[in-house]
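Peer 1: One structure, pasted below without further comment.
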C-alpha cells in the first residue's frame, strides 16, 4: 500500500505525506541560503581555508550568488584576496560571471586597482567588460526584500559564551558573539522593550533597510531574530572599532590616511543617497563609522537605527521630516530647528567628520614642525 511517503519517512496521522515532503524542501532551501551566505562571508574575510571546506562539502557553491548576483570570486577580486581566488578557480569558478551591473570579477579588480588579482584573472581567461569599478556607484535599484527565511536566525545558533559588550544605548546593547563559528556583532533589544510597539516598529524598519543594502563601504547585514524575544539584529563584526575611538587613540593622521577615510565614507554615503531610493542616515558621526581591521585601511558606515528610506520624485524634493534625531555636534541646523530637511543633512554631518579628520591631520603636521 502506497502511503505517499518515501522509505523511512512517516506521515502525520490523516496526512498524505506531502507535509513532510514540503517541510524537507523548506529545510533544504534554508540550508542552501545559509551556505551561500557563509561562502560569500568567508570570501569577504579572506578565509581560504573555510571557503575550501565549504566547497569540499558542496562544489556548486563556487558560483553561488547574492542578491546583486555577485559571486565569491567577485568578492575576492574586489578585495584582492589571491588565496581565496585561487581556491575558487581551482574548484571551477566562472571567471567571467557578471553581477547585476554586468561587471565581471576582472572589472571589479581593475576598478579597485588590485594588480596581482588582475594578473591572476587574466591568466585564467578573465575578460573585462561591464562598468569597471561600478560597485562603488551602483545603479539606484535596490534589490527586492528577500523572503524571511533568507535572514531569520534561530537564537539558539548564537553563541554568547565568550561574548563581550562593544556598545550600549537606551534601546539595549551591542555584543560581540559567534554565529556558526563566525564572529558577529549582535544588537540585542532590552527584554523590557521587546513588547514596546514603537521599539518593534523601529527595529523592523532598520532590518528592512539593512536587508536591501550591499556595498563595500556599508556594514553587512547577516540576519535578525524577529520571531522570538529578545529581538536581535546580526551584522558582520568589524574588529577595528569605530572612527571616534581610533582618532582618540591615534592622536594624529597621515595625509593619505585622512584622504582614504574621507573617500570610504563618501562612497558609502553616495550609495545611500542614490535616487530614486534615497536613504538618509540622519546620525552620521565617527562612532557610526567602523574600521574593518586594526590596520585602518577600510571604513564602513553603520548603525541605521535613525535612517529613512525616501522615494524621490524630483531631484529638488525636500522631505517633510522635522524630527530632531542624531547627535547635536554633527546635526545640521535645519534638523536642530525642527525644519524640513533632505539628504543634505548627511552632507553636513560628513563635513563635520571631515573637520575632525583634518584636525588630526594638522595635528600631525604641527607635531612634525615641533619635532623638526
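Residue numbers (the numbering used here): -16 to 355. Note that beta-carbon positions come from the ideal geometry of N, C-alpha and C, so glycine has one too.
Can you tell me whether residue 193 is helix, strand or coil according to DSSP?
Peer 2: The residue given as residue 193 occupies position 210 in the chain shown. The answer is helix: DSSP assigns residue 193 an H, G or I state.
Peer 1: Per DSSP, what kind of secondary structure is residue 268 in: helix, strand or coil?
Peer 2: For the purposes of this step, residue 268 is identified with residue 285 of the chain shown, where counting begins at 1. Coil.
Peer 1: Of the residues 182, 99, 57, 157, which one's Cα is nearest the Cα of residue 385?
Peer 2: Only positions -16 to 355 of the chain appear in the structure, and residue 385 is not among them; the question remains open.
Peer 1: Could you give the distance in angstroms between the alpha-carbon of residue 81 and the alpha-carbon of residue 42?
Peer 2: On the chain shown, residue 81 is found 98 positions in, with the first residue counted as 1. On the chain shown, residue 42 is found 59 positions in, with the first residue counted as 1. So the alpha carbons of these two residues sit roughly 19 Å apart.
Peer 1: Report the partner residues of residue 150 according to the DSSP bridge assignment.
Peer 2: One-based indexing of the chain shown puts residue 150 at position 167. Per DSSP, 157.
Peer 1: Going by the CB atoms, is the gap between residue 264 and residue 329 shorter than 7 Å?
Peer 2: Locating residue 329 in the chain shown gives position 346, where the first residue counts as 1. Locating residue 264 in the chain shown gives position 281, where the first residue counts as 1. Yes.
Peer 1: Can you tell me whether residue 326 is buried or exposed, with buried defined as 16 or more other CB within 10 angstroms of its CB?
Peer 2: Counting from 1 along the chain shown, the entry for residue 326 is found at position 343. Buried, because 16 or more other Cβ atoms sit within 10 Å of the Cβ of residue 326.
Peer 1: Can you list the alpha helix (DSSP H) stretches of 4 or more residues lying completely in the segment 33 to 98, in chain order?
Peer 2: Within the segment 33 to 98, the complete alpha helix (DSSP H) runs of at least 4 residues are 55 to 62, 65 to 73, 88 to 94.
Peer 1: Taking the beta strand (DSSP E) that residue 283 falls in, what are its first and last residues?
Peer 2: The residue you call residue 283 lines up with position 300 of the chain shown. First-last of the beta strand (DSSP E) with residue 283: 282 to 284.
Peer 1: Nearest CA to the CA of residue 133: which residue from 77, 76, 21, 222?
Peer 2: By 1-based counting over the chain shown, the position of residue 133 is 150. Residue 133 has its Cα closest to that of 21, out of 77, 76, 21, 222.
Peer 1: Here's the rule: buried if 16 or more other CB atoms are within 10 angstroms of the residue's CB, otherwise exposed. What is residue 181?
Peer 2: In the chain shown, the residue the question calls residue 181 occupies position 198. The residue is exposed, with fewer than 16 neighbouring Cβ atoms inside 10 Å.
Peer 1: Among the residues of its own chain, which have a CB less than 6 Å from the CB of residue 27, if the five just before and after it don't count?
Peer 2: Numbered from its first residue, the chain shown carries residue 27 at position 44. Excluding residues within five positions, the ones whose Cβ falls inside 6 Å are 58.
Peer 1: Along the chain, which unbroken stretches of the beta strand (DSSP E) at least 3 residues long are found entirely within the segment 212 to 266?
Peer 2: Listed in chain order, the complete beta strand (DSSP E) runs (minimum 3 residues) inside the segment 212 to 266 are 215 to 219, 260 to 263.
Peer 1: Just to confirm the assignment, what range does the alpha helix (DSSP H) spanning residue 319 have?
Peer 2: Indexing the chain shown from 1 puts residue 319 at position 336. Element bounds for residue 319: 316 to 319.
Peer 1: Could you tell me if residue 143 is buried or exposed, where buried requires 16 or more neighbouring beta carbons within 10 angstroms of its beta carbon?
Peer 2: As a working note, residue 143 is residue 160 in the chain shown. Exposed, since its Cβ has fewer than 16 Cβ neighbours within 10 Å.
Peer 1: Only counting the same chain, and skipping five residues up and downstream in sequence, which positions put a Cβ closer than 6 Å to that of residue 49?
Peer 2: As a first step, residue 49 is located in the chain shown; it is residue number 66 there, counting from the start. So the qualifying residues of the chain are 23.
Peer 1: Which whole-angstrom value is the C-beta distance of residue 200 and residue 270, which I expect to be below 8 Å?
Peer 2: As a first step, residue 200 is located in the chain shown; it is residue number 217 there, counting from the start. As a first step, residue 270 is located in the chain shown; it is residue number 287 there, counting from the start. Actually they are not in contact, since the Cβ atoms of residue 200 and residue 270 sit about 16 Å apart, beyond 8 Å.
Peer 1: Which residue or residues does DSSP assign as beta-bridge partners of residue 168?
Peer 2: As a first step, residue 168 must be located in the chain shown, where it is residue number 185. Bridge partners of residue 168: 159, 218.
Peer 1: Would you kindly work out how many angstroms separate the C-alpha atoms of residue 183 and residue 212, rounded to a whole number?
Peer 2: Residue mapping note: residue 183 aligns to position 200 of the chain shown, counting from 1. Residue mapping note: residue 212 aligns to position 229 of the chain shown, counting from 1. Cα-Cα distance, rounded: 11 Å.
Peer 1: Determine the DSSP secondary structure at residue 137, reduced to helix, strand or coil.
Peer 2: In the chain shown, the residue the question calls residue 137 occupies position 154. Residue state, collapsed to three classes: coil.
Peer 1: Taking all protein chains shown into account, do 16 or more other C-beta atoms lie within 10 angstroms of the C-beta of residue 256, making it buried, or fewer, making it exposed?
Peer 2: Within the chain shown, numbered from 1, the residue matching residue 256 stands at position 273. The residue is buried, with at least 16 neighbouring Cβ atoms inside 10 Å.
Peer 1: Could you check the C-alpha separation between residue 244 and residue 47 for me, to the nearest Å?
Peer 2: What you label residue 244 is simply residue 261 of the chain shown in a count that begins at 1. What you label residue 47 is simply residue 64 of the chain shown in a count that begins at 1. Approximately 31 Å, taken between the alpha carbons.
Peer 1: State the start and end residues of the unbroken beta strand (DSSP E) segment that holds residue 204.
Peer 2: Position 221 of the chain shown, counting from 1, holds the residue named residue 204. 204 to 208 is the extent of the beta strand (DSSP E) around residue 204.
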